[in-house]
Amino acid sequence: MFDFALNNAWLIPLFPALAFGIITLFTKKMTKLSVSISIGTILLSFVLSVIIGIGVIGQGDTFLEHPYKAVVTWFSMPGFSIEVGTLIDNVSVMMLLVVTFITSLVQIYSLGYMHGDPGLARFYAYVSLFAASMLGLVIAPNLLIMFVFWELVGLCSYLLIGFWFGKISASAAAKKAFITCRAGDFGLLLGIILLQINFGTLDLQQLSVMIPNFTQYTGLTAAGLTAIAIILFLGPMAKSGQFPFHVWLPDAMEGPTPVSALIHAATMVVAGVYLVGRILTLFITLPSALLFVAIIGAFTALFAATIAITQTEMKKILAYSTISQLGYMMLALGAASLTASMFHLMTHAFFKALLFLGAGCVLHAMHNEASIWKYGGLKKYMPVTYWTFLIGCLAIAGIFPFAGFFSKDLILEVTFAASSLSGHAQGPFPVAYTVLFLMAALTAFLTAFYMFRMFFICFHGELRSKEVQPQEAPKVMTVPLIILGIFSIISGWVGWPGLGEGQAFGYFVRLGEFQVMEANWLLIILSTLLALLGIGLAALFYWKKTFSAQAVIERVPFLYKLSYNKYYIDEFYLWIIHHIIDKCGWLLWKFDIYVVDGIVNGFGKMAQWGGTVMRKVQTGQLQHYALIFFMGIVLMFLLLSFTGVHSPAIGLMGGAK
Amino acid sequence: MNFPVLTTILLLPLLGAIISIFVPKEKSSIIKGIAGITTFIPLVLTIWIYFLYYTQHMATGGYAFTESIPWVKDLGITYGLGVDGFSLPLVLLTSVIGFCAVYSRSWSVETRAKEFYILLLILITGVMGTFLATDLFIFFLFYEVVIIPIYLMVIIWGSGSKTRKDIGKEYAGMKLTIYLLIGSAFLLAGLIWMYMLAGEMLGALTFDLATLATLNFAPNLQIAIFGLMALGFLSLISMFPFHSWSPDGYAGAPTAVSMIHAGVLKKIGGYGLIRIGIFLFPVGAKFWAPVIAVLAIGNVVYTALISLAQKDMKYVVGYSSVSHMGFVLIGIASLSLVGLNGAVANMFGHGIMAALFFSVIGYIYGITKTRYIPDLGGLAHQMPRLAGAFLVAAMASAGLPGLLTFVPEVTIFIGAFGSPITRIPAFIVLTGIVIGAVYVLRMAANVLFGPRKEQWDYVEDIKGFSLLPIAVLVAFAVIFGLFPSLLMDMVNSGIQPIAAKLLAAGSQIGGSL
Amino acid sequence: MIDILMDKFLTIGLEHFLILSGTLFFIGLFAVLAKKNVIAVLMGIEIMFTSVNINLVAFNKYTAAEALLTGHVFAIFVIALAAAEVAVGLALIISIYRQRTSTDVQDFDWLKW
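Chains as they are written, first to last, in this note's numbering: chain A, 372 to 1028; chain B, 19 to 531; chain C, 656 to 768.
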């Protein structure tokens, strides 16, 4: 059973891809059939993934050392050969489970959320393709194939964010997402090309063997390889919404809410983290590159959190929280811990999907009213949503025993271990990691604060909007919420400190030797305290109204405006695009018309002018012609008589025998 | 192989044109039928020989299905046809696009339909002939045949643009024709010079490519002759700064001509540059490669930025096709097997993509009578199928994996970064993939998306005959995208001898090429 | 000295014919290039023909073998041709005159640019 599933792992992405093909080509008009095909195929993929997952856990050590790999040549030529196939190892199995699980739930949830939408079949087709691309990326055996699916993920996000293409904002957001990611892909593709040229292969397994000993295989210096690593990292930065490429992610909320859940939890954004995880060897070999990853991660985490505290739309707040949490994952990778990063990726997938689907229920109930200031007191109208949302918030804030507690704690712990605070730091940059650790800790506090700010505003107090009568969502939407809620609680326990071989998450998903994590009580207490402080503060401000948020805003209006307007980064980019790039294009166009074309037309004009001048020779006077005719004969005669018959002048006129 | 399959492929459209002459011009449906049949049969035959070559001849490489009839013995002119892994993809491209052009929006050409189809068929024959010829005289003959019908078609059936009111279709047609004729004059000078030289070296005059390839011309002459020929070929492939005929010409031309011109005709430039230029004059190519590489930056970045400023759909695609040729040029300039493979494959990929783009735009233009982007908007509401095709074309233009332009582009960059000549230009050229995504997506967003406009409610979605070319082109884009080895293996087998020649020339002059 | 001169002048040789034909030719040429009346131009052409005929006959007489009459025959051909040419020329002139009421060759310039 396990072997069968393993050998046919390529079917996992193929099923949803087939669903996409069938729906777009044949069953588009039959909505119900399309939906069943889509959900059916993703469930099939999920079942296959579960079989593989159970098998892998059962195999333990053997599978860790001998991952399953099956490839066929995609195309090849001397000097450049790419294989397509499946690389199933523990990390990819974990991702397969998460992606298929979340996608299945989201698809089921969408039955309720998207009910009655005229483009339902199209929606399911896109979501299927989305899942297929992400699953393909997860099991891709080499970097170029990863890039292929990476771009397809980008395409699907484009299609899904712009799903309601009638809205200009949706189509603009879709475009923005695609182009921002493209800007990063410039780096990723460049990095991939440089790796191929220097190492002669893009195969992940071969690269992970070659890179640590890169001096043997290539003429690269450490600085050169560091440059390649950082260039390559631009791609994941864009995809995972890291600063300064984060701008597309909040706008991506223009898509239907289930899509947001997919993008944020399971498919799109984690692709960046996953890709860095896949080639973590490259970064671990180069401490400066690793530090770069960590700095970007920590900075993004803090940066996004500071924006999130002033936003007024539920989905926007969640979007910035995603950026922030992705920053955490990058930070974990930057601390050289695949385990911590993937662990947080998994738990985050559960609770973020939960939060988004919960937000979807709220939006559904509030008839797409976006501003949280119109909500309030929703607790009594929609209890299921309320309780599950609370679980999500507690999880993301990192409160014991919810999932986020374990994973966030692990990230803090690995960062702490790399910093000088721990006393015996490994790695060359202990001081830098100390700063990063403090940033991460501050972010933990902010996260708890802004999540519960939103929570209290939405679900407590009195309903502020007078127009709508909110109602609990239908079963098809709440059941996925409950399932996700359960997972948001229990999924963290696999990372319980002290779990040994064959049990702990860190045993199955790791790079290098397995070490039993010991509980660092100091950190646990610290992070819990920070989270509780954040929640308490939020409660005082927005639930008990002990303090007035307005007063604080008035005290520091500048900071508030800066945060509320997202540090004006979007405006800055827009300014660059409109005033520099577009102007540049316009100027070049004029240059093309007037200078390049001007020269071309100039040649034409010259010919015309020459004709105008030369035609004067044609006087029409018979006698002029006769005179010229005669003079010509005289000239030829003279030439012949003075130069002889073999002269070049005669040759020019046709030559003589 | 006794059945002259290549001659059949080559001359059937011409036969169709001749038969059409005798059909009364009122019976335009009969003429369309003839045009359809005489392009459909070559398409089928081409796919068949592509398959045959792929399965039987590819491992050994070299010409197959050759035909050779002496024509003017004293001058060494032979009616020689043949295909190898290099020309076969381009022959396939010609067949597909020829077929699609006949069936495209041009199906609804009603004014002077007879003349239109006759010229179109002659045009297809001309393009096909250049790819099939193994004799340089035949090559040049067909090369010249191509240009004249285009002039007539542009000025009779073409259209002006709203963004360039100062120039009309007559200007566009005239510029295109004169530009290409001047280019071909340089080419002819180079050809004849080489022909005379080869005649002296061999003791007998010949235009046969395979014989000429055995010669080693003196380095100085190689540089001079390659320069002359390159001037001709590079203006045909619209290298910066010889590109300005291309956007105007495409914008002015009727859909079928834009498809054929951007799709295949332009590729004759790249084909000739590799097949004749690099193959016969490797040392000359080495000399000129840095120049081409630097000018390729102009192609990719400069014209991509100009595309951003365009408001006419055909101008966007026109400039983008110039931009894409920059990728081809940088692949050629890398003078490496991988880079050349990528360049040739990208010619194929861009051909399909550009033809698809132009046929979609032609459909929109035909039905809405405007190509001006601000006039349009929200067309995906009225024409979902067309919007899908448009998006496929846009994504192929942006080099999305899974469509046929991605693998060639990556291959080009692998080759270009691997070669010291093109390493730095390639880095700048790579930014083109970002700008390239911006202008196509902006156009897609402004044309297809946005609120429904009621003025376009009368517009019907594409169906019937008009759907056929789009479906065929999309199918090609996807199939070759998912299975790139169908294309790459083929191209590789055709480029191998050329790369070997480059290597040999490199060791001959004591440096690496 | 005198004898030699007298001999040269009184004995008719090839030179005399050539001088005559050259003079005639330039008279004709002058008429063609300078006369305004188109009839006079035509006459100039005829004079040039005549000079050529003299040349042909003279060369035949002094340089070719006795029995050959090539030059004479050629001259007769030229005369015939000249007659035909004059006929066509005069017809054209009359036709033009009827239309334009002018025989001034400078008015005949409507073939210019």
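Note that CB positions come from ideal geometry on N, CA and C, so glycine has one too.
query, result
"Opening and closing residue of the alpha helix (DSSP H) in which phenylalanine 446 of chain A lies", "Phenylalanine 446 of chain A -> not in any alpha helix (DSSP H); beta strand (DSSP E) instead, spanning 439–448."
"Chain-ordered neighbours of valine 760 of chain C on chain A, where CB pairs are closer than 9 Å", "Gln992, Leu993, Gln994"
"Euclidean distance between Cα positions of tyrosine 390 of chain B and tyrosine 161 of chain B", "33 Å"
"Cβ-based burial, threonine 78 of chain B [other Cβ within 10 Å; buried from 16]", "exposed"
"One or two residues paired with leucine 99 of chain B in a DSSP bridge", "B/Glu85, B/Ala151"
"Contact check, serine 528 of chain A vs alanine 544 of chain A, beta carbons under 8 Å", "no"
"Rounded distance between the beta-carbons of methionine 448 of chain A and methionine 506 of chain B, thought under 8 Å", "6 Å"
"7 Å CB neighbourhood of alanine 910 of chain A in its chain, flanking five on each side removed", "Phe823, Phe827"
"Alpha helix (DSSP H) segment containing phenylalanine 204 of chain B, residue limits", "187–220"
"Under 8 Å between C-beta atoms of alanine 730 of chain A and lysine 686 of chain A", "yes"
"Proximal residues, the region 957–990 of chain A versus chain B, C-beta separation under 7 Å", "Trp957, Leu959, Trp960, Asp963, Val967, Asp968, Val971"
"Chain A contact for proline 419 of chain B (CB, 8 Å cutoff)", "yes"
"Secondary structure of isoleucine 634 of chain A, DSSP reduced to three states", "helix"
"Where aspartate 556 of chain A falls: helix, strand or coil (DSSP)", "helix"
"Whole alpha helix (DSSP H) elements within the region 753–789 of chain A, 4-residue minimum", "754–768, 774–789"
"Coarse secondary structure for threonine 57 of chain B, derived from DSSP in three states", "helix"
"Residue closest to isoleucine 451 of chain B, alpha-carbon to alpha-carbon, out of B/Gly302, B/Pro419, B/Glu472", "B/Pro419"
"Cα-Cα separation between glycine 956 of chain A and serine 325 of chain B, rounded to whole angstroms", "7 Å"
"CB of isoleucine 694 of chain A within 8 Å of CB of leucine 605 of chain A, strictly", "no"
"Residues from the region 435–459 of chain A in contact with chain B, defined by Cβ distance under 9 Å", "Thr444, Trp445, Phe446, Ser447, Met448, Pro449, Gly450, Phe451, Ile453"
"Cα-Cα separation, threonine 810 of chain A to isoleucine 667 of chain A", "Note on identity: in this sequence residue 810 of chain A is methionine, with threonine being the wrong assignment. Going from the Cα of methionine 810 of chain A to the Cα of isoleucine 667 of chain A covers about 11 Å."
"Beta-carbon gap between phenylalanine 557 of chain A and leucine 448 of chain B smaller than 8 Å", "yes"
"Expected contact under 8 Å - CB spacing of phenylalanine 408 of chain B and alanine 462 of chain B to nearest Å", "6 Å"
"Endpoints, the alpha helix (DSSP H) within which isoleucine 602 of chain A is located", "593–610"
"Proximity test, isoleucine 601 of chain A beta-carbon vs the ligand NAD heavy atom, cut-off 7 Å", "The ligand NAD is absent from the structure shown, which contains no ligand whatsoever."
"Distance, alanine 735 of chain C Cα to isoleucine 694 of chain C Cα", "19 Å"
"Cβ-Cβ distance between alanine 311 of chain B and isoleucine 439 of chain B below 8 Å", "yes"
"Identified DSSP bridge partners for glutamate 740 of chain A", "For glutamate 740 of chain A, which the question treats as bridged, DSSP gives no partner whatsoever."
"Boundaries (first-last residue) of the alpha helix (DSSP H) holding serine 325 of chain B", "321–326"
"C-beta contact flag for glycine 747 of chain A and arginine 470 of chain B at 8 Å", "no"
"Contained alpha helix (DSSP H) runs [length at least 4] in the region 448–491 of chain B, N- to C-terminal order", "450–466"
"Interface residues of chain C facing phenylalanine 1001 of chain A [CB-CB closer than 8 Å]", "Leu684, Leu688"
"Neighbour list for lysine 770 of chain C in chain A, Cβ cutoff strictly below 8 Å", "Nothing can be reported for residue 770 of chain C: it is not among the residues displayed for chain C, which extend from 656 to 768."
"Continuous beta strand (DSSP E) assignments of at least 3 residues falling wholly in the region 843–897 of chain A", "none"
"Close beta carbons around tryptophan 89 of chain B, own chain, < 7 Å, minus the five adjacent residues each side", "Ile95, Thr96, Tyr97"
"Proximity winner among A/Thr681, A/Ser475, A/Cys732, A/Gly863, relative to glycine 769 of chain A (alpha-carbon distances)", "A/Gly863"
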